[in-house]
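Down below is the structure, laid out as structure tokens.
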Amino acid sequence: YYGLVRRGLGLRIGGGTARAYFIGLDGEKGAGQALCVIPKHLEEETEVEVPRTFALLLDRPVRFPLFGSTVARAEKPGDLSALDEERFSPLPPIETVLRSGTDTKGKAVEVPVRLRASLTEIGTLELWCVATDRDARWKLEFQLRGGAAEESAPSAVAPMPRRFGEAKELIEVIYGKKPAPVDKRDVKNLIRNLEKILGPREGWTTPVIRELWAALHAGMGKRRRTADHERLWCNLTGFCLRPGFGAPLDAWRASETWKIFDQGLQFQNDTHNWEAWWIMWRRVAGGLDKAAQQRIFDSITPVLRPAQPGRNQPKQRGVKPEGIVELIRLAGSLERVEADAKSELGGWLFERIEKEGPAPHLLWSIGRLGARVPFYGSGHACVYAGVAESWIERLLALPIDRTEHLVFPLAQLARVSGDRHRDLDPGLRRRVAEWLGEAGAPDVLVRMVLEIVELTGGDEQRVFGESLPGGLKLLPEPNGEEAASGATAG
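Rendered as structure tokens:
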């Protein structure tokens, strides 16, 4: 019958939406306000225009909070109300990056827009931001039904530390548009000075480090002023974006950081800068797509591939074998690279072990390359079970004094995944479990090679929720009305 109604062959019983819907606004003049975009009782597929003008922030992460209300009031699109917890129910917001479509050289852009909203028959609220100064529009789509709408209300955004502004200013002074009269010691001591303000870096929360990343991103073009500028920028950028995922819009942050990869290092004769460079990409790797990881892998392969005896080796261009320990750790962290490439790299690392001995970074990387359960990647890119089994046999045969360095790689290589194509021979896993037990490995590592164990906490804990700049700022009306000018959606 519904299909007949849609074709105009039946009687449609309406009544409209039982809720009114609002976009949250904040700012100096609009703090804690809700803008009506869909009034109560509006029929589906009916488009309304909000009679106000806004500034839409482009090319930056933005947040659009949505609220619903069943309280019977005669609000019209464009009406503003004070946010009241008893009256307004928070719904899942949209956090996104709206693109300008032009080369803004990394700068944010504000565009004047009008809003058009409608409810669809599939249970979404469509909000169009239509530019008033150009032929462009941006669509936002909020889910109002099903699982997305049934999620718990978004948690409150954690406030920034009281002195966060001072910390951000330290970065802005060093990486600002114009070189500031900064003492060389202030550059070298940037991390130490940040810790004096924010406390030990290990305690910096995800919202704090992502906001620090934003300040570093703004100064990305100024990282090459000196070798110290470059090294500290890489060090802090990687630290503030690690592990590359887990917070809203991390994929965008990782893609923005990726833009500098082909530019490479400015100060290539400084080993410490190379180390910072490799560490940064290892920390960010989880947010990079397969193509980017493959690009990194291809660039470092000439350094890692064993030299062919009796042949003159071509002079290496671009990447240098500096900071080799961190370069190898990076290679082991590229989980989206194809399994065959990982297998070949693992063979190269075992050749290094034969020549240099079982160094911790080589063992750690072999464990990451052959892991049965990836940290962030797909199981389809895991090395084949037969390869992992051969690696375990080679590791168990190593004449090594400090067995603690073998615990991690063996546990990773033999871990039970629940996938018969990835899991190893049960007899070999029992041997590994016995070896781990005799080596005094933690009980959880012994169990994870015998049964499926879900690891919690530490690096596998994904933390969500960060404060983002607003997406919409209400502009004064042409007639001079300023009742809510300067408000920002957020």
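Here the sequence shown is numbered in this note's numbering, starting from 1178 and rising by one per residue. Idealized CB from N, CA, C, for every residue including glycine.
Look at W1305 here: in three-state DSSP terms it is strand.
Contact annotation, E1503 with E1452: C-beta distance approximately 5 Å; criterion of less than 8 Å satisfied. For E1533, the uninterrupted alpha helix (DSSP H) run begins and ends at 1516-1533, by DSSP.
The shortest CA-to-CA distance from W1455 to any of K1253, L1442, L1235, G1464 is the one to L1442. Assigned with DSSP and collapsed to three states, G1245 falls in strand. Three or more pairs of CB atoms, one per stretch, sit closer than 8 Å, so the region 1426-1435 contacts the region 1461-1470. Bridge partners of Q1210 according to DSSP: L1202, A1259. For I1473, the enclosing alpha helix (DSSP H) begins and ends at 1467-1481. When the five nearest sequence neighbours on each side are left out, the beta carbons in the same chain lying within less than 8 Å of the beta carbon of I1577 are those of P1535, L1583, in order along the chain. Judged by pairs of C-beta atoms under 8 Å, the region 1298-1313 does not touch the region 1334-1353, as fewer than three such pairs exist. Look at A1536 here: in three-state DSSP terms it is coil, with no helix or strand label. In this structure, the alpha-carbon of R1240 lies about 4 Å from that of E1272.
With fewer than 16 other Cβ atoms from the protein chains shown falling within 10 Å of its own Cβ, Q1485 counts as exposed. Within its own chain, the residues whose Cβ lies closer than 8 Å to the Cβ of H1406, once the five positions on either side in sequence are excluded, are I1351, Y1352, V1364, K1399, R1400, listed in chain order. The C-alpha of F1231 lies about 6 Å from the C-alpha of R1291. Per the coordinates, the alpha-carbon of T1403 lies some 18 Å from the alpha-carbon of M1457. S1432 carries a helical assignment under DSSP once its states are collapsed to helix, strand and coil. Just measuring C-alpha positions, the residue of T1448, E1631, G1415 sitting nearest L1465 is G1415.
With contacts defined as CB atoms closer than 8 Å, L1243 and L1275 fail to qualify as a contacting pair. In the three-state scheme derived from DSSP, where H, G and I count as helix and E and B as strand, K1316 is classed as strand. Straight-line measurement puts the Cα of R1196 at about 14 Å from the Cα of E1263. Rounded to the nearest angstrom, the gap between the Cα atoms of A1294 and V1225 is 5 Å. Shown here, A1344 sits in a helix according to DSSP, grouped into three states. For the pair S1277 and C1417, the Cα-to-Cα distance works out to about 26 Å. By the Cβ neighbour-count rule, G1380 is exposed, with fewer than 16 other Cβ atoms within 10 Å of its own. Taken atom to atom, the span from the alpha-carbon of T1382 to that of R1237 is near 21 Å. In the DSSP annotation of this structure, the continuous segment of the alpha helix (DSSP H) that includes P1603 starts and ends at 1603-1615. Closest option to D1447, judged by alpha-carbon separation, among A1468, L1426, R1408, A1391: R1408.
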